[in-house]
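In what follows, a structure is listed as structure tokens, so that the remarks can point back to it.
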Amino acid sequence: MAPRLLEALIARNQLLAEKIAGFKIPIDLVLNTRTLRNRLRQLNASPEVQPWLLRAIVIQQSQTMCGRIGFHSEPGPEDLRNVAADGVELGYEIGEPFRRRGIANEAALALMKWAYEEHGQRCFVLSINPGNIPSLGMARSMGFREIGSHIDEEDGLELYFERRLGSWPSEWTSE
Ligand SMILES: CC(C)(COP(=O)(O)OP(=O)(O)OC[C@H]1O[C@@H](n2cnc3c(N)ncnc32)[C@H](O)[C@@H]1OP(=O)(O)O)[C@@H](O)C(=O)NCCC(=O)NCCS
6 MAPRLLEALI ARNQLLAEKI AGFKIPIDLV LNTRTLRNRL RQLNASPEVQ PWLLRAIVIQ
66 QSQTMCGRIG FHSEPGPEDL RNVAADGVEL GYEIGEPFRR RGIANEAALA LMKWAYEEHG
126 QRCFVLSINP GNIPSLGMAR SMGFREIGSH IDEEDGLELY FERRLGSWPS EWTSE
């Protein structure tokens, strides 16, 4: 998502956002504004990092946006130095009416495959609040293992999970 689209989503200007995006954006699609703002700030500072940052998740048949996914930065950021120095952190959010349909799983595998194939990325990281049962379940279902924890300035305690790949996992091939 380019800066103009992020700005429209942050302003909750759904009509403008749809015009820029070229797909439908449900009026009640709630996305974490803090994440949108943080990524917009990163993009404004370093436009070349855009492919790593936020992407809209769009249902192909209906051309409707149902969530967002993206890495928090390019690989190897300072905040991962002590847990997974060669890692890149993945984040995602699916609008409530669209959950439990396998969308986050499909999007996460697709984005990791892009990083794996296009950039040779092998180490993926998730950081999850210990009370976030859906996200913990998703991490485990994708074969991530817990590697540590940290205190996020805004979100408090978060557990770090990692999946380090050699070759592309066979269980992800049919996805
Ligand atoms: C976490 C989240 C992205 C999952 O999205 P989703 O599209 O519903 O997930 P999927 O349908 O692809 O489910 C993938 C796996 O996650 C786990 N999972 C998802 N929702 C779950 C729930 N409510 N309880 C337990 N496990 C759950 C399951 O293991 C599931 O696999 P299964 O359906 O084969 O059992 C979604 O709940 C969400 O947006 N939550 C709010 C934002 C958030 O917490 N983001 C992650 C921050 S770390």
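Per the working numbering, the sequence shown starts with residue 6, numbered consecutively.
C-beta atoms are modelled at their ideal positions from N, C-alpha and C, and glycine is treated no differently.
Cut-off 6 Å between Cβ atoms - residues of its own chain near residue i, not counting five sequence neighbours on either side
i: K24; result: none
i: I62; result: C71, G72, I74 and A112
i: E180; result: With a pLDDT of 48 at E180, under the threshold of 50, the modelled position of that residue is not reliable, and the figure given next carries that caveat. Closer than 6 Å at the Cβ level, and outside the excluded window around E180, lie L114.
i: D157; result: E163
Candidates the options: closest to residue i by CA position
i: E53; options: N87, M6, I15 and Q65; result: M6
i: W119; options: S175, F76, E98 and E158; result: F76
i: R145; options: L14, E98 and L164; result: L164
i: L36; options: A50, L59, S51 and Q55; result: L59
i: N110; options: Q68, T178, V88 and M143; result: M143
Residue i classed as buried or exposed, judged by whether at least 16 other C-beta atoms fall within 10 angstroms
i: A16; result: exposed
i: P139; result: exposed
i: V130; result: buried
i: V93; result: buried
i: R46; result: exposed
i: G100; result: buried
Contacts around residue i, its chain only, beta-carbon distance under 8 Å, and the 5 residues preceding and following it disregarded
i: R150; result: F166, E167 and R168
i: R127; result: D91, Y121, R169, L170 and G171
CA-to-CA distance, residue j to residue i, given in whole angstroms
i: G136; j: G27; result: 36 Å
i: E123; j: W57; result: 11 Å
i: G81; j: T38; result: 25 Å
Neighbourhood of residue i by C-beta distance below 7 Å, restricted to the same chain and skipping five residues each side
i: I30; result: Q19, A22, E23 and M70
i: R104; result: none
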